[in-house]
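Colleague: In our numbering, the protein residues as written are 1 to 327.
Where is the CB? At the ideal position from N, CA and C, for every residue including glycine.
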């Protein structure tokens, strides 16, 4: 807890909560552990396009509130969890005025906010564009659900087909994402393998696959693709996803690799009720991702990734390095 307050105190100017200038405010309450637990609150104040400052104490007028335990920052810094995983799993208290939270998305890219975020999660500044670019571009299919026997959903098929269409540009490399996760793949094989099998069964033979990334969720997708692009020096990166998912992907990409492009795929075959459910889910997930960013900065990647030799996949296969060895 002390580290979190030290960062706020050293990085941000004092900004009284009762100032009536047009601004957005977030109340953060940290509950300490130990024999004498204590609760301390501070506020973050945002202007039109950046973090302006902070104040100490509680303000009952604030409409967006975040609560966390004292050990949460250490868990994120130590790699035991990401900020997004803590918020999405309910381990971070979260209540918000959704209109205010949506407006905060535009405020999380200014220089003062970036300085604050880097101080929180210890990440160095990185260039926005992979360097040096080599003129090639990567088109990455973001994972979507498959069923219990590995059959791709119509959403996954539509995303993959659109990515293949983008390969017509010379020098473009195809990247498949998706490992395992309760929300999209519970089989014994990673999602990318089911996607590759579907491509192989199409008339005309499969397109060449440059790399397969065993990701767990949307933030992983962007982090892994960014790492791959930097390793190979791609000059352009396109992330292919669904239109209902695109706002969340664009927000994550703005934190990790803002120079990339997000290609949206529409799904006219989905029933209206199912599409509405997907939009509601993604709106809530985006809100929680924004809340995580406000607390911890962007998710840190559990890199280095490890290239898996003999994985039997088309192209390179990369997953999180849990062995401590380099691939």
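Could you check if residue 266 is buried or exposed, using at least 16 other CB atoms within 10 Å of its CB as the buried criterion?
Modeller: By the neighbour-count rule (16 or more Cβ atoms within 10 Å), residue 266 is not buried but exposed.
Colleague: Can residue 154 be considered in contact with the ligand HEM, in the sense that its beta carbon sits closer than 8 Å to one or more heavy atoms?
Modeller: With respect to the ligand HEM, the structure shown offers nothing to examine, as it has no ligands at all.
Colleague: Name the residue from 95, 294, 316 and 80 whose alpha carbon lies nearest to the alpha carbon of residue 105.
Modeller: Nearest C-alpha to residue 105: 294.
Colleague: When the distance is taken between beta carbons, is residue 152 closer than 9 Å to residue 140?
Modeller: No, they are not a contact pair.
Colleague: Cβ of residue 340 within 9 Å of Cβ of residue 30?
Modeller: The chain is shown only over 1 to 327; residue 340 falls outside these bounds and no answer can be derived.
Colleague: May I ask you to report which of helix, strand or coil DSSP gives residue 27?
Modeller: Three-state DSSP puts residue 27 in a strand.
Colleague: Hey, is the segment 154 to 172 in contact with the segment 230 to 245, meaning 3+ C-beta pairs nearer than 8 Å?
Modeller: Contact holds: three or more Cβ-Cβ distances are below 8 Å.
Colleague: For residue 98, list the residues DSSP reports as bridge partners.
Modeller: Its beta-bridge partners do not exist; DSSP assigns none.
Colleague: Just grab the DSSP bridge partners of residue 239 for me.
Modeller: DSSP output for residue 239 lists 140 and 262 as bridge partner(s).
Colleague: Tell me residue 316's beta-bridge partners as DSSP assigns them.
Modeller: DSSP output for residue 316 lists 211 as bridge partner(s).
Colleague: Compare the C-alpha of residue 317 against each of 22, 52, 103 and 191 and name the closest.
Modeller: Of the listed residues, the one whose Cα sits closest to residue 317 is 191.
Colleague: What is the rounded straight-line gap between the Cα of residue 254 and the Cα of residue 182?
Modeller: Between residue 254 and residue 182, the C-alpha separation is close to 26 Å.
Colleague: What is the DSSP secondary structure of residue 153, reduced to helix, strand or coil?
Modeller: Residue state, collapsed to three classes: coil.
Colleague: Between which residues of its own chain and residue 263 is the CB-CB distance below 6 Å, once the five residues before and five after are set aside?
Modeller: So the qualifying residues of the chain are 238 and 240.
Colleague: Note down the Cα distance separating residue 67 from residue 115, rounded to an integer number of angstroms.
Modeller: The alpha-carbon atoms of residue 67 and residue 115 are separated by roughly 22 Å.
Colleague: Sort 26, 75, 172 and 216 by Cα distance to residue 58 and report the nearest one.
Modeller: Checked all of 26, 75, 172 and 216; the closest Cα to residue 58 is 26.
Colleague: Measuring CB to CB, does residue 82 end up less than 9 Å from residue 296?
Modeller: Contact flag set, yes.
Colleague: Could you give the residue range of the beta strand (DSSP E) that holds residue 354?
Modeller: Residue 354 is absent from the structure shown; the chain starts at 1 and stops at 327.
Colleague: Look at the alpha carbon of residue 169 and the alpha carbon of residue 236, and state the distance between them as a whole number of angstroms.
Modeller: Near 12 Å, if we compare the C-alpha coordinates of residue 236 and residue 169.
Colleague: For residue 181, name the three-state secondary structure that DSSP assigns.
Modeller: Correct three-state label for residue 181: strand.
Colleague: Can you tell which of 214, 246, 22 and 258 has its C-alpha closest to the C-alpha of residue 308?
Modeller: If we check each option's Cα against that of residue 308, 214 comes out closest.
Colleague: Go ahead and label residue 203 buried or exposed: buried means 16 or more other beta carbons lie within 10 angstroms of its beta carbon, across all protein chains shown.
Modeller: Its Cβ having fewer than 16 others within 10 Å, residue 203 is exposed.
Colleague: How many whole angstroms separate the CB atoms of residue 100 and residue 44, which I take to be in contact at a CB cut-off of 8 Å?
Modeller: The Cβ separation is near 12 Å, so there is no contact.
Colleague: Around the C-beta of residue 13, are 16 or more other C-beta atoms found within 10 angstroms, so that it is buried, or is it exposed?
Modeller: That one is exposed.
Colleague: Express the C-alpha separation of residue 292 and residue 131 in angstroms, rounding to a whole number.
Modeller: Below a pLDDT of 50, predicted positions are generally treated as unreliable, and residue 131, at 48, falls in that range; the measurement from the model is reported next regardless. So the two alpha carbons sit approximately 28 Å from each other.
Colleague: Going by DSSP, name the residue or residues bridged to residue 41.
Modeller: Residue 41 is bridged to 29.
Colleague: Looking at C-alpha atoms only, which residue of 92, 96, 233 and 225 is the closest neighbour of residue 61?
Modeller: Nearest option by C-alpha distance: 96.
Colleague: Taking the straight line between their C-alpha atoms, what separation do you get for residue 42 and residue 10?
Modeller: Rounded to the nearest angstrom, the two C-alpha atoms are 13 Å apart.
Colleague: Is it right to say residue 208 is buried, meaning 16 or more other beta carbons lie within 10 angstroms of its own, or is it exposed?
Modeller: That one is exposed.
Colleague: Let me confirm a value: residue 314 is counted as buried when at least 16 other C-beta atoms fall within 10 Å, else exposed. Which label applies?
Modeller: Buried: at least 16 other Cβ atoms inside 10 Å.
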